[in-house]
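First up is the structure itself, then whatever we jot down about it.
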Amino acid sequence: MTLYLYDPGFCEYTPQPSLDAAMTAATTLISAYRDQCGPEWPEYVEGIMICDSTYPEEAEVLARSVEHNRIERPDDVDEDGYSPSCDLWFNQVDFYVDYRMEIVCITVTNQEVPLIAPMFSHLAR
24 MTLYLYDPGF CEYTPQPSLD AAMTAATTLI SAYRDQCGPE WPEYVEGIMI
74 CDSTYPEEAE VLARSVEHNR IERPDDVDED GYSPSCDLWF NQVDFYVDYR
124 MEIVCITVTN QEVPLIAPMF SHLAR
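Under the working numbering, think of the first position of the sequence shown as 24, with each following residue one higher.
Spelled out as structure tokens, the structure:
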């Protein structure tokens, strides 16, 4: 089965031979957007996904970009925007965040199995 990496920055789907290849390409894409961004990420980085079709209405999303390592603006930011506790500058930002890919659905013998995020696993009991 061919998978597709969706790049929302260019609104294009790129065919990928496997989930591993697609995850690697998506991680590379996130890194490219990180290198291009100024103090803020482009909004469309949240729309990076790996799916099984180029038709959005028919596509099953297998992985998507999610926030990772979010650091909220602490209370100790001085008048220059520096936080000694985080050793970061928060001049005009409320938080720092990175992105990573997260698998949200896997296919086992032609049957889709949604994955439950670890933070909500207690609700599945």
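Positions of the beta carbon are idealized from the N, C-alpha and C atoms, including for glycine.
Original post:
Would you call Ile14 buried or exposed, if buried means 16 or more other Cβ atoms sit within 10 Å of its Cβ?
Top reply: Nothing about residue 14 can be read from this structure; the chain reaches only from 24 to 148.
**OP:** Taking Glu125 as the reference, give the member of Thr25, Tyr119 and Asp43 with the closest Cα.
**Re:** Sorting Thr25, Tyr119 and Asp43 by C-alpha distance to the C-alpha of Glu125 places Asp43 at the top.
Subject >> Cα-Cα separation between Pro65 and Val89, rounded to whole angstroms >> reply: Pro65 and Val89 have their C-alpha atoms roughly 13 Å apart.
Original post:
Would the C-beta of Tyr78 count as close to the ligand PLP, meaning under 7 Å from any of its heavy atoms?
Top reply: Among the components modelled here there is no ligand, and therefore nothing to report on the ligand PLP.
Original post:
Could you check where the beta strand (DSSP E) with Tyr56 kicks off and where it finishes?
Top reply: Where Tyr56 is concerned, there is no enclosing beta strand (DSSP E), although the alpha helix (DSSP H) it sits in stretches over Leu42 to Gln59.
Subject >> Burial state of Met24 (16 or more Cβ within 10 Å) >> reply: Burial state of Met24 is exposed, judged by a 10 Å Cβ sphere holding fewer than 16 other Cβ atoms.
Original post:
Does DSSP put Val89 in a helix, in a strand, or in coil?
Top reply: In the structure shown, Val89 adopts extended strand secondary structure according to DSSP, grouped into three states.
**OP:** For Asp159, count neighbouring Cβ atoms within 10 angstroms of its own Cβ and tell me buried if that reaches 16, exposed if not.
**Re:** Since the displayed the chain opens at 24 and closes at 148, residue 159 lies outside it and no answer follows.
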